[in-house]
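Residue numbers (UniProt numbering): 1 to 334.
As structure tokens, then:
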């Protein structure tokens, strides 16, 4: 993430180790919490909850059309015609269908995704030591984000299953309150978790790309694009860098995760199917249906998520790590 000034922040505690001392945000103003503390990590989770819950809810209409293009391509042939068909069949209110499970599911996912990312990033860096953590920082980002997303998807799976059922089967249930008891009565608890494996297939590569690409893009923007050092940038300028880096990361995320997203959409619509059966039926071309809609959705989504997450850190006066810097010991050795 970005920092505002460039002096050192309070020393990290416990799990943070050298990572915390080197990469903790620096600012002369007083922080509300200590970097690496339990309160700090919970507030990071809160920032993730707001960033994921709000952004996914805002783009429900686009997500709805994208899901319908994946499960019924004959009727929903494209993104623009898909909106037209949806409005014709369900009215404008139909575009908001599935907002409740979306908000609940992705709020829970965001809490674990961002909160646990901070936990695992500090933990893995501590295991490697200061110099290796810097040299292998991309690997640290990838491992930490994959670990966090594994648990985040377990939290997301039930509401994702409900959302897809509500959005793609209008005659099945129109609301969260109607869908949950019917799903449980007809299929049991498994109805809410049968899509967790495809979710891992979709979300873990997506999140690895989202975090690693974002972190390295921020680093590259400050090195090659921004005309002044990060320490001299205002908070507004740094949040601008956050948004741009988030959008770039989001475009890559869409490509990486789209085939699995198609499988999740079809799987949660149908009873008794497996992920492998759905994948075979869709074929190599079918899994890319709705990609353009997903690029627009995920690019905007990822940029806004990072922007909101970083803004929450600014508002709550949380330590915000600046771009990675080569350790002093390593420079000395060179």
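Beta carbons: idealized from backbone N, C-alpha and C, even for Gly.
With 16 or more other CB atoms across the displayed protein chains lying within 10 angstroms of its CB, residue 265 is buried.
For residue 81, the number of other beta carbons within 10 angstroms of its own is below 16, and it is reported as exposed.
With respect to residue 212, residue 124 sits apart: the two C-beta atoms are not nearer than 7 Å.
Residues of the same chain with a CB within less than 7 Å of the CB of residue 202, apart from the 5 flanking positions on each side, are 257, 260, 261 and 264 in chain order. Its chain contains 99, 102, 103 and 106 as the residues whose beta carbon lies nearer than 8 Å to that of residue 57, once the 5 sequence neighbours on both sides are disregarded; these appear in chain order. Of the candidates 250, 60 and 69, the residue whose Cα lies closest to the Cα of residue 205 is 250. Here residue 231 is exposed: its Cβ has fewer than 16 other Cβ atoms, across all protein chains shown, within 10 Å. Residue 95 sits close to residue 61, with the two beta carbons spaced by under 7 Å. The region 167-178 and the region 125-136 do not touch, with fewer than 3 CB-CB distances between them shorter than 8 Å. Distance check between residue 165 and each of 108, 153 and 178 places 178 closest, using alpha-carbon atoms only. Its chain contains 245, 248 and 249 as the residues whose beta carbon lies nearer than 7 Å to that of residue 217, once the 5 sequence neighbours on both sides are disregarded; these appear in chain order. DSSP assignment within the UniProt repeat "Solcar" (136-220) yields the following whole alpha helix (DSSP H) runs of 4 residues or more, N-terminal first: 137-168, 176-187, 190-193 and 196-220. Just so you know, the alpha carbons of residue 316 and residue 279 end up roughly 44 Å apart. When the beta-carbon positions are compared, residue 290 and residue 66 come within less than 7 Å of each other. With respect to residue 221, residue 310 sits apart: the two C-beta atoms are not nearer than 7 Å. Between residue 199 and residue 157, the gap from beta carbon to beta carbon is short of 7 Å. Residue 305 sits buried, since 16 or more C-beta atoms from the chains shown fall within 10 Å of its C-beta.
Taking a 10 Å sphere around the C-beta of residue 184, we find fewer than 16 other C-beta atoms and assign the residue as exposed. Secondary structure of residue 100 (DSSP, three-state): helix.
Comparing alpha carbon positions, the residue from 37, 36, 44 and 38 closest to residue 314 is 44. The alpha-carbon of residue 70 is positioned some 11 Å away from that of residue 79.
The residues 113, 116, 117 and 120, in chain order, have a CB closer than 6 Å to that of residue 148 in the same chain once the five nearest residues on each side in sequence are set aside. With a threshold of 16 other beta carbon atoms within 10 Å, residue 160 meets it and is buried. Burial of residue 109 is indicated by the presence of at least 16 other C-beta atoms within 10 angstroms of its C-beta.
Sixteen is the threshold: when 16 or more other Cβ atoms of the shown chains lie within 10 Å of the Cβ of residue 319, as they do, the residue is buried. Judged by DSSP in its simplified three-state form, residue 249 adopts helix. Fully enclosed alpha helix (DSSP H) runs of no fewer than 4 residues occupy 275-286 and 291-315 of the UniProt repeat "Solcar" (237-315), in order along the chain.
As the crow flies, the alpha-carbon of residue 174 is around 27 Å from that of residue 281.
Under the DSSP assignment, residue 83 falls in the alpha helix (DSSP H) whose first and last residues are 79-90. Non-local beta-carbon contacts of residue 97 in its own chain, meaning distances under 8 Å to residues more than five positions away in sequence, involve 60, 64, 90, 166, 167, 170 and 174 in chain order. Nearest to residue 303 by C-alpha distance, out of 288, 146, 51 and 292, is 51. Around the beta-carbon of residue 77, fewer than 16 other beta-carbon atoms lie within 10 Å, marking it exposed.
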